[in-house]
Each structure stands twice: as C-alpha cells, then as structure tokens.
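Notes follow once the structure below has been shown.
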Amino acid sequence: MKDFSSDNTMRGRAAENRYKLWVLLNANRWALTGGMAAGIFGALMFWGVSNPPSAQEVLLTTDWVKMSFQALIGALITGTTLVVSINQLVLSQEIGPLGSQRRRMDLAMDFYKNTDDLLEFPSPANPALFLKELIDATSDRARAFENAVQESDDEEFREHTEAYVEDLLENAEVATDQLENADFGSFAVMKAALNYNYDRKMYDLRWLLDQYEDRLTTAQRETGRETLEALTMYGPAREYIKTLYFQWSLVKLSQGILYLAVPALVVAGGMVMLVDGTSISGTLLGIDVWLWVICAAYTICVLPFLLFVSYILRLATIAKRTSAMGPLVLRGD
C-alpha cells in the first residue's frame, strides 16, 4: 500500500538537525545577533588572555589596533551604502508609472476573484487568515472527495483515499492553528505556511486520480479535481505572501543595520582618533582593561554585519525550502 503519511511540520520533514533549523528560522533575529556578538567577544577575550603580550603594550608599540579600526570604518560605510541599495531594490518594485500600477492591480484582482470563487466569499484581507481560509477550503473539498469515494466497491481505492485525506486534514489542522493568531511581519505566518506541504498533497492526489482513473465515477472525478484546484490555488498564494514577507524583512534589515551603523562608526572613529596606550591603564577582573575595551569596541563595530548574517540565514533557508512550486518535492518526504 502506498504511504501517504508525512510529518505535519517543516522541521519534522527537514533533513537538518532540529536545533540547527531552530537557529536558522525560529530564533529571534536580534537575539541571534546578540548571541553571535557574545560569542565573538568571548572568543577574542579568551584569545587575548591566553596570548601575551598585554593589549596596552601592543597599543604602545604597534599601530595594528588603529589600522584595524580604520579598515572597519571603510567597511561600515560601504555596508551602509549597500543597505541603501537594498532599499532601492525593494522600493523599485513599488514605484512605477500609472499604467504599470494599474496592471499590477488588475492581476491581483484577477487572482482574488479566483480565490473568491473558491472560498465562496470575499477573500480575507489579512494574509494569515487568507492562507487559513485556503487551507480550510482544501480540507472541505478533501472531505467531499472522501465521501464520494466511500461509495466505491474498490476497497484499496477507499483505503488509499482515507489515508490521503487523514494526512491532509492532520497537516491542515496544524497549519491553521498556527495561522489563527499569527501577525504578518513576524515569522509565525511563514512558519505555518511552510508547515503545510501542499506540494506533496498535490502529487499524492494526482497519483490517486491517475491510478484509479478507469474506476472513478463522475462525482469522484469532480470532487477530486476540485480538491486539486484548491491545492493549486494555495501555491501562488503562499509564494505571494512569501514575497511580501521577504520585502518586509529586507526593509526591517535595512533599518536595523542603519540603527547599528551609527554607534559602530562612532566607536570605530573613537578608537582611531581618540585612543592611545596612555589613555587608561589597569586591570578589570584581573584582565588588562585595554583588552576589554578593544574586544568590546570590535564587537560593537561588527554588529551590523552580524544582523545581516542573521536575517540572510533565515531568508536563504526559506528560499531553499520553497524553491519549487507545484507538485515537485525537493525533500526526502
């Protein structure tokens, strides 16, 4: 008997370690940035303590500290310029002549008319509720398909259909529960959307309809195709919400980098222009105070880059998991 079962969450279907996937997707991006910064600070402190000479002696006898922070100033300015370019890329899709904006609106309304027909009421404006209603529609149509198949005399066909619908309904319940209270802009909406593996559901249903084509009644064929139609509508809807989420995330990333770049530039400039080996002296917790200062200053200067890394890790992982649309399963489930 064909196996229709699949895990109800993306984490369960992924080949990656669950903790790794949590870091890549679920962890708060600012908290992840803070964690990476703490790791860098700790690593530098450990290296400095275990490798003499003292930081103050290095400051007095060499220029490597000033040269390092000079290079960081250039990198920060270049990175900030890159952020402006990212914002321009995002905004360029929103700016255009009237005719272009009208075509965008017409295409969007054509799609919403299709989803209105599918749902039999106006599509919700809230992205999370919109996806939830589409998933509910697939569940309703799958139940109708199962009811039609119950009249079949083919026991194997009934068993296959029951297994397929049971898996679909379990997966749909998990996804809709998560979408119920999700707010767009947070990862919660994308997490729930990714948990619903419509691609596998489409393939399994197409397999069922093809395998038993010669035994299908008109009602069974019609309800099966209606279920496939609902699953097909979910694909572009999820991709559209993903696109909006990517744009939203890139704007948030740009804002965050700009917020961090200003204090980072101040710290880097201060380390170059205002600091020398005679400014302060002494120890803190038995460690040369200059080692504390240099490590802390360096960590602050790399914060914009760490925030960039934390966001790109999530967006790249989402893109990897959704690189195909339709009944093409790129995973081992």
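Heads up: the sequence shown is residues 132 to 464, going by this note's numbering.
C-beta: ideal position from N, C-alpha, C; glycine also.
Thinking just about the alpha-carbon of each residue, which of T269, D284, F377 and T348 is nearest to the one in M99?
The structure shown does not extend to residue 99, since the chain spans only 132 to 464, so no value can be given for it.
If contacts are defined as beta-carbon pairs under 8 Å, then A428 and M402 qualify, I think. What distance do you get, rounded to the angstrom?
What you label residue 428 is simply residue 297 of the sequence shown in a count that begins at 1. What you label residue 402 is simply residue 271 of the sequence shown in a count that begins at 1. Their Cβ separation, rounded to whole angstroms, is 5 Å, which keeps A428 and M402 in contact under 8 Å.
Report the CB separation of L422 from G179 in whole angstroms; it is logged as a contact under 8 Å.
Here residue 422 corresponds to residue number 291 of the sequence shown, with the count starting at 1. Here residue 179 corresponds to residue number 48 of the sequence shown, with the count starting at 1. So it is a contact: roughly 4 Å between Cβ atoms.
Tell me L415's beta-bridge partners as DSSP assigns them.
What you label residue 415 is simply residue 284 of the sequence shown in a count that begins at 1. In DSSP, L415 forms a bridge with I418.
When you compare only the Cα positions, how much space is there between L446 and A395?
The sequence position of residue 446 within the sequence shown is 315, counting from 1. The sequence position of residue 395 within the sequence shown is 264, counting from 1. Whole-angstrom Cα-Cα distance: 25 Å.
Is it buried or exposed, T292, if we count other Cβ atoms within 10 angstroms and call 16 or more buried?
Looking up residue 292 in the sequence shown gives position 161. Under this definition T292 is a buried residue.
How many whole angstroms separate the CB atoms of F318 and A259, which I take to be in contact at a CB cut-off of 8 Å?
Counting from 1 along the sequence shown, the entry for residue 318 is found at position 187. Counting from 1 along the sequence shown, the entry for residue 259 is found at position 128. So it is not a contact: roughly 12 Å between Cβ atoms.
Return yes when the Cβ of R274 is within less than 8 Å of the Cβ of S283, no when it is not.
Locating residue 283 in the sequence shown gives position 152, counting from the first residue. Locating residue 274 in the sequence shown gives position 143, counting from the first residue. No, the pair does not count as a contact, with Cβ atoms beyond the cut-off.
Secondary structure at F315, three-state DSSP: helix, strand or coil?
Your numbering for residue 315 matches position 184 in the sequence shown. F315: strand per DSSP, three-state reduction.
Only counting the same chain, and skipping five residues up and downstream in sequence, which positions put a Cβ closer than 6 Å to that of G387?
By 1-based counting over the sequence shown, the position of residue 387 is 256. Hits under 6 Å: L438.
Report back the beta-carbon spacing between N302 and Y343 to the nearest angstrom; my notes put them in contact at under 8 Å.
Here residue 302 refers to the residue found at position 171 of the sequence shown. Here residue 343 refers to the residue found at position 212 of the sequence shown. Contact flag wrong, Cβ pair sits at about 22 Å.
Check whether the region 199-208 touches the region 376-390, counting contact only when three or more Cβ pairs, one atom from each stretch, lie closer than 8 Å.
No, they do not touch.
Around the C-beta of G463, are 16 or more other C-beta atoms found within 10 angstroms, so that it is buried, or is it exposed?
Stepping through the sequence shown from its first residue, residue 463 is reached at position 332. Note that G463 scores a pLDDT of 49, beneath 50, so its modelled location is shaky; the value from the coordinates is reported in the next line. So G463 counts as exposed.
Tell me, to the nearest whole angstrom, how far the beta carbon of R452 is from that of L325; I am working on the premise that it is less than 8 Å.
Translated into the one-based positions of the sequence shown, residue 452 becomes position 321. Translated into the one-based positions of the sequence shown, residue 325 becomes position 194. Correct: roughly 6 Å between the Cβ atoms.
Note down the Cα distance separating M198 from A399, rounded to an integer number of angstroms.
Taking the first residue of the sequence shown as 1, we reach residue 198 at position 67. Taking the first residue of the sequence shown as 1, we reach residue 399 at position 268. Using only the alpha carbons, I get a separation of about 10 Å.
When DSSP labels each residue in this structure, what does I266 get in the three-state scheme?
Translated into positions along the sequence shown, residue 266 becomes position 135. In this structure, I266 counts as helix in the three-state DSSP scheme.
From what residue to what residue does the alpha helix (DSSP H) around S380 run?
The residue you call residue 380 lines up with position 249 of the sequence shown. It spans T349 to M404 - the alpha helix (DSSP H) in which S380 sits, taken as one unbroken run.
If we ignore side chains and look at the alpha-carbon of each, how far apart do L163 and L175 end up?
Indexing the sequence shown from 1 puts residue 163 at position 32. Indexing the sequence shown from 1 puts residue 175 at position 44. So the two alpha carbons sit approximately 18 Å from each other.
Where does A450 land, buried or exposed, given buried means 16+ other C-beta within 10 angstroms?
In the sequence shown, counting from the first residue as 1, residue 450 sits at position 319. Per the 10 Å Cβ criterion, exposed.
Taking 7 Å as the cut-off, does the CB of V420 come closer than this to any heavy atom belonging to the ligand FAD?
As far as ligands go, the structure on display features none, and thus does not contain the ligand FAD.
Could you pull out every residue in the same chain whose Cβ sits closer than 6 Å to the Cβ of T307, ignoring the five residues on either side in sequence?
By 1-based counting over the sequence shown, the position of residue 307 is 176. Excluding residues within five positions, the ones whose Cβ falls inside 6 Å are K263 and I266.
Find out if the Cβ-Cβ distance for the pair Y442, R233 is shorter than 8 Å.
By 1-based counting over the sequence shown, the position of residue 442 is 311. By 1-based counting over the sequence shown, the position of residue 233 is 102. Their beta carbons are not under 8 Å apart, which means Y442 does not touch R233 by this criterion.
Cα separation between V154 and A392?
Locating residue 154 in the sequence shown gives position 23, counting from the first residue. Locating residue 392 in the sequence shown gives position 261, counting from the first residue. Using only the alpha carbons, I get a separation of about 24 Å.
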